[in-house]
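Number 296 marks the last residue of the sequence shown (our numbering); no jumps. By construction, the Cβ of each residue, glycine as well, lies at the ideal position given by its N, Cα and C atoms. This one's a predicted model, so the numbers in the text were calculated from it and none came from an experiment.
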Amino acid sequence: MTAEAVAAEELRCFREIRQLRDHWAGGGGRRAYCWYLTFEGCTELRALAKRCRDRTALRYYDFTPPSELHMTLDRIAFEGEIPPDVLRAVASAATMACRGVPPLDINIGGLGGTPGAIGLSVFPRGPVQRLRDALRAATLSVSPSAQVKNSDFRPHVALAYCNSDVRAAHAIAAVERLSTVGAVAVTVKHVAVVLVERRQRAYSWNAITQIPLTGGA
């Protein structure tokens, strides 16, 4: 699948949504350790996100601050459910696994979303999926009962989360106007273990450790 095809698929799926939902409704306040791709120093991605924000400007979306842009790969465990020594062992197992994973050259661009969020699609998907699989295998090799995510994985960088239950028509129109916003090329050289916290209509995270992708070096 080409980058254009991935972007078109994401837009097509978003067009099928009739009702947006409040992402922040209900529970979900527990802090959790997760695998993230982070984009420190990626000024091109931050500029792209700002263009999307400026041109969308819908009051029922809470946009991710530029410094918090990330891609969630998987959950490791909820805070309090994994001892520190086990978390360190998971990171060590992942370090071994990532010795065979080269840095990822990906393109980020093409807007789409779900009823609860909008984000930028990622291409190619295959290398990101294989990295996620390697990290999940490393996690489960140390902690077989880890509460990893069980949802379908579609690599994306979340731009904004919906804060209201509203009809989707205006959001779809805004996303369609941004269908030609472009894409940025990014080289990902590490993956991070982060502690994620949900605050008032926002997520905040702190990196615990970074693991280099050194395959092919």
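By the Cβ test, the region 122-134 is not in contact with the region 162-176, since fewer than three Cβ pairs between them sit closer than 8 Å. Shortest Cα-Cα distance from Ser146 to any of Val236, Glu89, Asp133 and Asn186 involves Val236. Contact check for Pro234 against Arg209 fails: the beta carbons are separated by 8 Å or more. Within the model, the alpha-carbon separation for Gly261 versus Gly191 is close to 13 Å. When DSSP states are grouped into helix, strand and coil, Ala247 belongs to the coil group. Cα atoms of Pro144 and Ala104: separation of roughly 20 Å, rounded to the nearest angstrom. When the Cα atoms are used, Ala248 and Ile287 turn out to be separated by approximately 40 Å.
Secondary-structure assignment with DSSP links His235 through a beta bridge to Ser200. In this structure, Cys241 lies away from Gly198, with their beta-carbon atoms at least 8 Å apart.
By the criterion of a C-beta distance shorter than 7 Å, Leu137 is surrounded in its chain by His249, Ala250 and Ala253, once the five residues flanking it on both sides are discounted. The alpha-carbon of Leu214 is positioned some 14 Å away from that of Gly294. If you compare the alpha carbons of Cys131, Arg109 and Glu119 with that of Ala239, the shortest gap goes to Cys131. One thing to note: Val245 has its Cβ no nearer than 8 Å to the Cβ of Leu116.
In the DSSP assignment, Thr122 falls within the unbroken alpha helix (DSSP H) covering Thr122 to Thr135.
Looking at the DSSP output, Ser283 sits in a beta bridge with Glu276.
Under the rule that a run must span 4 or more residues, no alpha helix (DSSP H) segment is found entirely inside the region 95-119.
Within 10 angstroms of the beta-carbon of Ser283 lie fewer than 16 other beta-carbons, which makes it exposed. Here Ala168 carries a helix assignment [DSSP, helix/strand/coil]. A direct Cα-Cα distance of roughly 13 Å separates Val169 from Ser224. In this structure, DSSP gives Pro291 an extended state, which the three-state scheme calls strand.
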